[in-house]
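Engineer: All residue numbers for the sequence shown refer to the UniProt record's numbering, where the first residue is 1 and numbers rise by one.
Built from N, CA and C at the ideal position, the CB exists for glycine as well.
Before anything else, here's the structure in question.
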Amino acid sequence: MTQSVFFAIFSGLTLVTAGIVALNQNLIRAAFALFFCLFAVAGVYVTLGGDFVAMVQLMVYAGGVAILLTFGAMLTADVSQPSGSNLNFQGVWAMIGGVSFFSVLYYVLEETQWPLKGTNYLDPTTKELGKLLLKDYLLPFEVISFLLLIAMVGAVYLVLKGEQE
1 MTQSVFFAIF SGLTLVTAGI VALNQNLIRA AFALFFCLFA VAGVYVTLGG
51 DFVAMVQLMV YAGGVAILLT FGAMLTADVS QPSGSNLNFQ GVWAMIGGVS
101 FFSVLYYVLE ETQWPLKGTN YLDPTTKELG KLLLKDYLLP FEVISFLLLI
151 AMVGAVYLVL KGEQE
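See the structure below:
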């Protein structure tokens with residue numbers, strides 16, 4: 001019961017803030033609304049039992065994308081003064097089109113006769129994922145980490161080489 005209430009709260013918050021992002025022309029307000037939207041999506045993931053996906057959502061999207069948009073807004077001239085109205089009504093038409101598309105998609109998915117298959121329900125946790133990465137998939141995990149290290153060293157080398165020229 002409580003999980004359903006939190007799911008409804010986070011889902012509603014996601015929809016409201018996504019609408020604010022789509023309709024607002026002020027870049028600063030849209031960036032803050034996007035941050036709250038991505039945070040609410042992480043809340044939806046938590047209510048569905050995906051704690052690892054929720055943490056990745058917060059670190060990568062809510063953190064990185066929101067900071068990137070904030071820096072973009074700070075480096076853009078006159079973002080606090082929108083040109084014209086505060087609302088973008090082209091977004092209303094986009095919302096109407098999106099709702100129409102997803103209504104048709106929902107209808108098609110509901111009316112399709114899907115074959116029933118038995119599935120094994122697993123309750124994965126971050127602890128089990130960590131055990132898999134450090135036991136069964138240790139070699140691929142280390143190879144990927146080494147490749148990322150090589151990419152970082154290469155990026156630093158290219159930046160330093162560019163500064164010397």
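#1: Name the two residues that bound the continuous alpha helix (DSSP H) containing GLN3.
#2: Helix, strand or coil: which one does DSSP assign to PRO140?
#3: Can the beta-carbon of ALA40 be found closer than 7 Å to that of THR14?
#4: By the three-class DSSP mapping on this structure, what secondary structure does LYS135 have?
#5: Quick one, are the C-beta atoms of VAL53 and TYR61 less than 7 Å apart?
#6: Let me know the secondary structure DSSP gives LEU48 once reduced to three states.
#7: Given a cut-off of 7 Å on the beta-carbon distance, is the pair ASN24 and ALA31 in contact?
#8: Do the CB positions of THR47 and PHE101 come within less than 7 Å of each other?
#9: Could you say which of THR2, GLY19, GLY12 and ALA151 lies nearest to ALA94 if we only look at CA atoms?
#10: Buried or exposed: THR76, going by 16 or more other Cβ atoms within 10 Å of its Cβ?
#11: Report the three-state DSSP secondary structure of TRP93 (helix, strand or coil).
#12: Among PHE10, GLY49 and GLY72, which one has its Cα closest to the Cα of LEU27?
Structural biologist: Straight from the coordinates:
#1: From DSSP, the alpha helix (DSSP H) with GLN3 extends over 2–23.
#2: Collapsing the DSSP output to three states places PRO140 in a helix.
#3: If you check the CB distance, ALA40 and THR14 come in under 7 Å.
#4: Annotated three-state conformation of LYS135 is coil, per DSSP.
#5: When the beta-carbon positions are compared, VAL53 and TYR61 stay at least 7 Å from each other.
#6: Three-state result, LEU48: coil.
#7: Annotated as distal: ASN24 and ALA31, with beta-carbon spacing of 7 Å or more.
#8: Note that the C-beta distance between THR47 and PHE101 is not below 7 Å.
#9: Closest option to ALA94, Cα to Cα, is GLY19.
#10: Of the residues assessed, THR76 falls on the exposed side of the cut-off, its CB having fewer than 16 other CB atoms within 10 angstroms.
#11: In the three-state DSSP reduction, TRP93 falls in the helix class (H, G or I).
#12: Nearest to LEU27 by alpha-carbon distance, out of PHE10, GLY49 and GLY72, is GLY72.
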